[in-house]
Amino acid sequence: MSGNAYQEDRGNKDRSITKDGGGTLRPGRYSGEAQAGAEGEPFLIGDAMTGGYGGGANILHDCTIAVEKGQIAVIVGPNGAGKSTAMKAVFGMLDLRGGDVRLGGESIATLTPQARVAKGMGFVPQTSNVFTSLTVEENLEMGAFIRRDDIRQTMAQVYDLFPVLAEKRRQKAGELSGGQRQQVAVGRALMTEPQVLMLDEPTAGVSPIVMDELFDRIIEVSRTGISILMVEQNARQALEIADKGYVLVQGANRYTDTGAALLADPEVRASFLGG
Ligand SMILES: Nc1ncnc2c1ncn2[C@@H]1O[C@H](COP(=O)(O)OP(=O)(O)O)[C@@H](O)[C@H]1O
Ligand SMILES: [Mg+2]
Numbered sequence: 124m125s126g127n128a129y130q131e132d133r134g135n136k137d138r139s140i141t142k143d144g145g146g147t148l149r150p151g152r153y154s155g156e157a158q159a160g161a162e163g164e165p166f167l168i169g170d171a172m173t174g175g176y177g178g179g180a181n182i183l184h185d186c187t188i189a190v191e192k193g194q195i196a197v198i199v200g201p202n203g204a205g206k207s208t209a210m211k212a213v214f215g216m217l218d219l220r221g222g223d224v225r226l227g228g229e230s231i232a233t234l235t236p237q238a239r240v241a242k243g244m245g246f247v248p249q250t251s252n253v254f255t256s257l258t259v260e261e262n263l264e265m266g267a268f269i270r271r272d273d274i275r276q277t278m279a280q281v282y283d284l285f286p287v288l289a290e291k292r293r294q295k296a297g298e299l300s301g302g303q304r305q306q307v308a309v310g311r312a313l314m315t316e317p318q319v320l321m322l323d324e325p326t327a328g329v330s331p332i333v334m335d336e337l338f339d340r341i342i343e344v345s346r347t348g349i350s351i352l353m354v355e356q357n358a359r360q361a362l363e364i365a366d367k368g369y370v371l372v373q374g375a376n377r378y379t380d381t382g383a384a385l386l387a388d389p390e391v392r393a394s395f396l397g398g
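According to my numbering, numbering within the sequence shown proceeds without interruption in unit steps and concludes at 398.
Shown next, in the form of structure tokens:
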């Protein structure tokens with residue numbers, strides 16, 4: 124036994140997510156009613172989303188992204204395709220002019236981002252995702268802002284997942300490497316014990332080795348039953364770990380399939396994966 128709640132779940136996607144004890148994360152303890160989706164419906168879905176910023180033109184056009192319970196869904200596509208905009212729409216940072224967002228079969232499209240956190244969503248935005256002037260531990264404490272109970276066990280689990288953060292718990296996040304900062308950002312989002320973790324380019328600006336490590340940790344998180352919805356510019360590597368992949372172009376779905384099928388598709392390879 125490794126003593127790591129995530130590693131102990133390696134290779135077993137079917138483990139009960141509500142099982143208590145042993146230091147296992149219990150995704151969704153704060154999420155009230157969100158249960159498995161309606162029959163045939165993914166756990167989280169941004170369904171046929173259309174919308175843009177403020178009064179501006181639509182950026183998203185009938186765009187659908189979704190993730191099943193405990194799975195990894197990856198969104199790829201060129202710069203400016205609307206990947207971040209789609210993530211913001213799902214998290215409630217964009218007013219939709221069409222479509223819906225459902226979690227566990229329930230429409231959450233009118234909820235504020237904070238209310239979506241209370242429903243079990245965690246979001247790591249693409250930029251400004253840590254408080255650089257706060258210590259690592261203070262960042263994790265800030266992440267737990269909606270909790271009124273003891274957060275120490277969750278913090279210990281985050282430190283098990285990212286041991287370097289335990290070493291640097293008293294250091295300011297702004298003094299860490301890019302990869303370590305991304306670990307702080309992911310750890311901060313895990314502090315509310317979300318059911319769904321949304322990550323916008325978690326490996327941006329890190330070396331290939333650090334990227335592989337971060338992907339391994341993300342797989343471990345998913346194996347505890349937490350759904351991962353992730354935007355990635357390292358498209359090939361991300362699709363390798365994806366149950367489901369979405370290629371977005373100009374705010375619309377271009378290709379949707381399993382990660383493996385997209386990787387094998389000659390057109391997807393030629394246009395979006397560098398051949
Ligand atoms: N805050 C904003 N206000 C207005 N337009 C924006 C804003 N953020 C992004 N955009 C525009 O939305 C489009 C999609 O951007 P984005 O979702 O960031 O793409 P991606 O994440 O795929 O690179 C771009 O044309 C971009 O200029
Ligand atoms: Mg983006």
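For every residue, glycine included, the Cβ atom is placed at its ideal position computed from N, Cα and C.
Check, Outcome
"Hey, would you say VAL329 sits closer than 8 Å to LEU337, going by beta carbons?", "yes"
"Distance check for LYS295 and VAL259, CA to CA, integer angstroms please.", "6 Å"
"State yes or no: is the C-beta of GLY205 within less than 8 Å of the C-beta of THR173?", "no"
"How close, in whole Å, do the beta carbons of ALA358 and VAL199 come, if the pair is a contact with beta carbons under 8 Å?", "4 Å"
"Look at LEU284 and VAL319 and say whether their C-beta atoms are less than 8 Å apart.", "no"
"Indicate whether ARG225 and ASP185 have their beta-carbon atoms separated by less than 8 Å.", "no"
"For LYS211, is the beta carbon positioned less than 7 Å from some heavy atom of ligand 2?", "no"
"Return the chain-ordered list of same chain residues with a C-beta closer than 7 Å to the C-beta of ASP218, the five sequence neighbours on each side being excluded.", "GLY174"
"Residues with a Cβ closer than 7 Å to any heavy atom of ligand 2, in chain order?", "LYS206, SER207, GLN249, ASP323, GLU324, VAL354"
"Where DSSP assigns a beta bridge to ASP218, which residues make up the other side?", "Per DSSP, none; premise fails for ASP218."
"Going by beta carbon distance, what residues of the same chain come within less than 8 Å of MET216, once the five residues before and after it are set aside?", "PRO236"
"CA-CA distance, PHE214 and PRO389?", "33 Å"
"Name the two residues that bound the continuous alpha helix (DSSP H) containing MET265.", "259-266"
"For GLN360, which of GLY382, GLU290, THR347, THR187 has the nearest alpha-carbon?", "GLY382"
"Just checking my contact of LEU183 with GLY397 at CB under 8 Å: how many whole Å lie between their CB atoms?", "So it is not a contact: roughly 26 Å between Cβ atoms."
"Starting from the N-terminal side, write out each stretch of the alpha helix (DSSP H) that is 4 residues or longer and does not extend beyond the region 277-312.", "286-290"
"What are the start and end residues of each continuous alpha helix (DSSP H) run of 4 or more residues lying completely inside the region 329-353, in chain order?", "331-345"
"Could you tell me which residues DSSP puts in a beta bridge with LYS206?", "None; LYS206 has no bridge partner."
"Quick check: the region 284-293 against the region 238-249, are at least 3 beta-carbon pairs closer than 8 Å?", "no"
"What does the alpha-carbon distance come out to for the pair SER256 and GLY297?", "6 Å"
"Answer with buried or exposed for ARG346, where buried requires no fewer than 16 other C-beta atoms within 10 angstroms of its C-beta.", "buried"
"Where do the N-terminal and C-terminal ends of the beta strand (DSSP E) with ALA238 fall, by residue?", "ALA238 -> not in any beta strand (DSSP E); alpha helix (DSSP H) instead, spanning 236-241."
"Comparing alpha-carbon positions, which option in ALA209, THR315, THR233 lies nearest ARG270?", "THR315"
"Which partner residues of LEU320 appear in the DSSP bridge assignment?", "GLY245, ILE351"
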